[in-house]
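Number of protein chains: 2
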Amino acid sequence: MKIALIGGTGDIGEGLALRWGLETTHEILIGSRARDKAEERARAYAQRLEDAGRKGKPAILGLANEDAAREGDVVVLCVEADHVVATVRSLREILREDQIVVSPAVSMVRRGKFFFYAPPPEGSLAAQIAGLLPENTPLVSALHTVPAHKLADLDTRLDQNVVVLGDDEAAKRTVMGLISEMAGLRPLDGGPLAAGSLVESITPLLINLAIVNKRKDLGIKFV
Amino acid sequence: MKIALIGGTGDIGEGLALRWGLETTHEILIGSRARDKAEERARAYAQRLEDAGRKGKPAILGLANEDAAREGDVVVLCVEADHVVATVRSLREILREDQIVVSPAVSMVRRGKFFFYAPPPEGSLAAQIAGLLPENTPLVSALHTVPAHKLADLDTRLDQNVVVLGDDEAAKRTVMGLISEMAGLRPLDGGPLAAGSLVESITPLLINLAIVNKRKDLGIKFV
């Protein structure tokens, strides 16, 4: 399968590229606004996978975001939350209904020391993004609570749940399958996209817990 | 310490009474609108604690809600979310600033198969309740994610985190201390009461996850 990481040069993109690159044979397409940068990062990720002992050459390619979005079977929106809506708008004409779009994005604001959830009028960032996609392109909301730094540190053993939301059951199963291919991540179906705010609002809480308790990169497990 | 459980005859009240009753020497005041019912439940809880092997007679007393609220050093609002605002209004004249009020309440709605967070205009149930308390009575928001049935089943070993929010640091520490006295519950300071919605909205997610995945009584751990 071809997995396009839009804005794949950032933190979460790096983590997903490395984990999927290490443990699967999927083709990873690193997207960036600047193709040069995407190519350079793709080479760097490939090197890190080799250093981590991956057998065989990983299939990691750097592309402009538009080309990555065109090629991917699954298109993960790894851009920062501030830019995700503009990015989706720019990709609207490119995306097709035989693709799956994945959003790990969370809209937060910082007030003083703490972070708070700041959803758009649609109720969640997932709902807003779904409204911008071509009519039959399914959106799956997932991967909000997996800390990017732990994901990108291949020496860290993960042990977390990932809540996955979506209205297209087949698309949701596909994304859950991909997530379960990353060792230590256990996807859990959390229901429809309409529950987007319930998942997105965990991220500012995780950050606040980390701040107050001087911990880092907290994730979540359901027990 | 005297812990008053307002509406302590319900699910969450039962769980808290049994866990604190089993593992501490705090005096537990079971409150109910009907004093008879409170007394009957207090006797039943005491019997269960004896059956569970508690050494010595547990200090569990049944009282009318108003009397429990007057007596408690810490007053936990165990009534159902639909009634919690009316209950707080009815206790407003009774509560004092040397007491601590604890809210585990969450305002949810069910739409079809799933549950959604439905906060009041104040932003969270915690914020609404805080606005109804006497001016200097501190509110601590906690215990939303601990499933009542697991809490009340003394054969279940708990292994969960409990996020605790509040603006009065001393009150928050006191409540965190009480929570950590229940074996297997590890409180974590989640910051100010203003973050109430971040914690309250986890509860409908836990219920949805349980529904979709045919699991029961899910709680959370931060890893």
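Respectively, the protein sequence lines represent chains A and B.
The first sequence begins at 1 in our numbering and counts up by one.
The second sequence begins at 1001 in our numbering and counts up by one.
All residues carry an ideal CB built from backbone N, CA and C; glycine is no exception.
Query, Result
"Using the three-state DSSP reduction, which class does N161 (chain A) fall into: helix, strand or coil?", "strand"
"Figure out for me which residue from B:L1005, B:K1057 and B:A1059 has the closest Cα to the Cα of L1091 (chain B).", "B:L1005"
"Write down the C-beta distance between V1075 (chain B) and Q1099 (chain B) rounded to the nearest angstrom, noting that I regard them as a contact closer than 8 angstroms.", "6 angstroms"
"Please state whether DSSP places G186 (chain A) in a helix, a strand or coil.", "The sequence given here has Arg at residue 186 (chain A), not Gly. Correct three-state label for R186 (chain A): strand."
"Using a Cβ-Cβ distance under 8 angstroms, would Q1160 (chain B) count as near chain A?", "yes"
"Per DSSP, what are the beta-bridge partners of R1111 (chain B) in this structure?", "B:F1114"
"Taking the alpha carbon of G31 (chain A) as the point to measure from, which residue in A:D189, A:L63, A:T174 and A:K150 has its own alpha carbon closest?", "A:L63"
"Secondary structure at I94 (chain A), three-state DSSP: helix, strand or coil?", "coil"
"Is E1135 (chain B) helix, strand or coil when you go by DSSP?", "coil"
"Which of the three DSSP states, helix, strand or coil, is assigned to E66 (chain A)?", "helix"
"What is the rounded straight-line gap between the Cα of G1131 (chain B) and the Cα of G166 (chain A)?", "37 angstroms"
"For chain B, check one thing: does any of its Cβ atoms lie closer than 8 angstroms to the Cβ of A46 (chain A)?", "no"
"Would you list, in chain order, the members of the stretch 1188-1199 of chain B that have their beta-carbon closer than 8 angstroms to a beta-carbon of chain A?", "L1188, D1189, G1190, G1191, P1192, A1194, A1195, S1197, L1198 and V1199"
"Under the rule that 16 or more other beta-carbon atoms within 10 Å means buried, what is G1177 (chain B), buried or exposed?", "exposed"
"What three-state label does DSSP hand A1210 (chain B) in the structure shown?", "helix"
"Bridge partners of S32 (chain A), per DSSP?", "A:A64"
"Out of B:A1059, B:R1054, B:C1078 and B:E1135, which one is the CA nearest neighbour of E1093 (chain B)?", "B:E1135"
"Within 10 angstroms of the Cβ of R1048 (chain B), are there 16 or more other Cβ atoms? Answer buried if so, exposed if not.", "buried"
"So A195 (chain A) is in the beta strand (DSSP E); what residue range does that whole segment cover?", "No beta strand (DSSP E) contains A195 (chain A), which DSSP labels as neither H nor E."
"Measuring alpha carbon to alpha carbon, tell me which residue in B:R1033, B:E1200 and B:L1016 is nearest A1046 (chain B).", "B:L1016"
"By the 10 Å Cβ neighbour count, where 16 or more other Cβ atoms means buried, how is E1080 (chain B) classified, buried or exposed?", "exposed"
"Which residues, in order along the stretch 1087-1121 of chain B, keep a beta-carbon less than 7 angstroms from a beta-carbon of chain A?", "F1114, F1116 and Y1117"
"Would you mind giving the Cβ-Cβ distance between H26 (chain A) and I12 (chain A), rounded to the nearest angstrom? I have them listed as a contact below 8 angstroms.", "In fact, because the Cβ distance is near 17 angstroms, the residues do not count as touching under 8 angstroms."
"What's the gap between the Cα of K214 (chain A) and the Cα of R96 (chain A)?", "44 angstroms"
"Does the beta-carbon of G1056 (chain B) have 16 or more other beta-carbons within 10 angstroms, so that it is buried, or is it exposed?", "exposed"
"Should K1134 (chain B) be flagged as near chain A, meaning a C-beta pair shorter than 8 angstroms?", "Lys is not the amino acid found at residue 1134 (chain B); the sequence shown has Pro there. No, its Cβ sits nowhere closer than 8 angstroms to a Cβ of chain A."
"Whole angstroms are fine: how far does the CA of R1019 (chain B) sit from the CA of A59 (chain A)?", "54 angstroms"
"Could you tell me whether any Cβ in chain B is nearer than 8 angstroms to the Cβ of V163 (chain A)?", "yes"
"Assuming K150 (chain A) and D217 (chain A) are in contact, meaning their beta carbons sit under 8 angstroms apart, how far apart are those beta carbons, in whole angstroms?", "5 angstroms"
"So with CB distances below 9 angstroms, who are the chain B contacts of K221 (chain A)?", "I1220, K1221, F1222 and V1223"
"Can you tell me whether S124 (chain A) is helix, strand or coil according to DSSP?", "coil"
"For V164 (chain A) and I179 (chain A), which I take to be in contact (beta-carbon distance under 8 angstroms), what is that distance rounded to the nearest angstrom?", "7 angstroms"
"The alpha helix (DSSP H) that contains K1150 (chain B), what's its start and end?", "A1148 to A1152"
"For a contact meaning CB atoms closer than 9 angstroms, what does P204 (chain A) contact in chain B?", "A1195 and L1198"
"Alpha carbon to alpha carbon, how far is G123 (chain A) from K221 (chain A)? Give it in angstroms, no decimals.", "25 angstroms"
"In chain A, which residues lie with their C-beta within 9 angstroms of the C-beta of V1212 (chain B)?", "L188, D189, G190 and G191"
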